[in-house]
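When you number the sequence shown by the numbering used here, it's gap-free, plus one each residue, and the end is 139. Beta carbons are placed, not taken as given, at the ideal position from N, Cα and C, and that holds for glycine. Please read these numbers as outputs of a predicted model, since none were measured by experiment. For reference, the structure is listed below as structure tokens.
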Amino acid sequence: MATEGQFEYESVLCVKPEVNVYRIPPRSSNRAIRAADWKLDAPDWSGRMRVVARGKVAYVKLEDKISGELFAQAPVDEYPGIAVETVSDSSRYFVLRIQDDNGVWTVGRGHFKIGKQITGS
């Protein structure tokens, strides 16, 4: 951990240049979340995703793909955990628990190409 006057280095673990973010309906039961329930043809936001590590915490950062301006980020201190949740019907989509000054909200996240996953599988 960095001491006063020092800063922690941020290591980039993964970059996905094109991702979509979806508002997902609130859970009505303990039923697993399904990407098929989202409006996959109409994302609420598109941009890039960077996964970075700072100390012992990883951050999933959603950024504008041109300016790099931060749209939202999700701190991930353990996986699996509450910050990143898989969906039951796809390996290309997952749920992020975003924390910001306005509170905590949940969004669905997906990427365009089948291939490397954030979990490395």
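Inset, instruction - Closer than 6 Å by C-beta to S108: which residues in its own chain qualify, once you throw out the five before and the five after it? Chain order, please. - result: If you number the sequence shown from 1, residue 108 lands on position 90. For S108, where only same-chain residues beyond five positions count, the Cβ hits under 6 Å are A53.
Inset, instruction - Note the first and the last residue of the continuous beta strand (DSSP E) segment covering E26. - result: Here residue 26 refers to the residue found at position 8 of the sequence shown. Counting along the chain, E26 falls outside any beta strand (DSSP E), and DSSP gives it neither H nor E.
Legend entry - Which residues DSSP lists as bridging W63, in chain order: Against the sequence shown, residue 63 aligns to sequence position 45. In the DSSP output, where bridge partners are listed per residue, W63 has V39.
Inset, instruction - Indicate whether the contact test is met: 3 or more Cβ pairs, each with one atom in the stretch 65-78 and one in the stretch 31-43, closer than 8 Å. - result: yes
Legend entry - W63 vs F89 beta-carbon contact at 8 Å: As a first step, residue 63 must be located in the sequence shown, where it is residue number 45. As a first step, residue 89 must be located in the sequence shown, where it is residue number 71. Against a cut-off of 8 Å, the Cβ pair of F89 and W63 comes out as a contact.
Inset, instruction - Would you kindly report the start and end of the unbroken beta strand (DSSP E) that includes E103? - result: In the sequence shown, the residue the question calls residue 103 occupies position 85. Its beta strand (DSSP E) spans residues V102 to V105.
Inset, instruction - Can you say whether N48 is buried or exposed, counting buried as having 16 or more other CB atoms within 10 angstroms of its CB? - result: On the sequence shown, position 30 is the one that residue 48 refers to. Burial call: exposed.
Inset, instruction - Report the partner residues of K57 according to the DSSP bridge assignment. - result: Translated into the one-based positions of the sequence shown, residue 57 becomes position 39. Its beta-bridge partners do not exist; DSSP assigns none.
Inset, instruction - From the DSSP output, read off the bridge partner residues of A90. - result: Against the sequence shown, residue 90 aligns to sequence position 72. L80.
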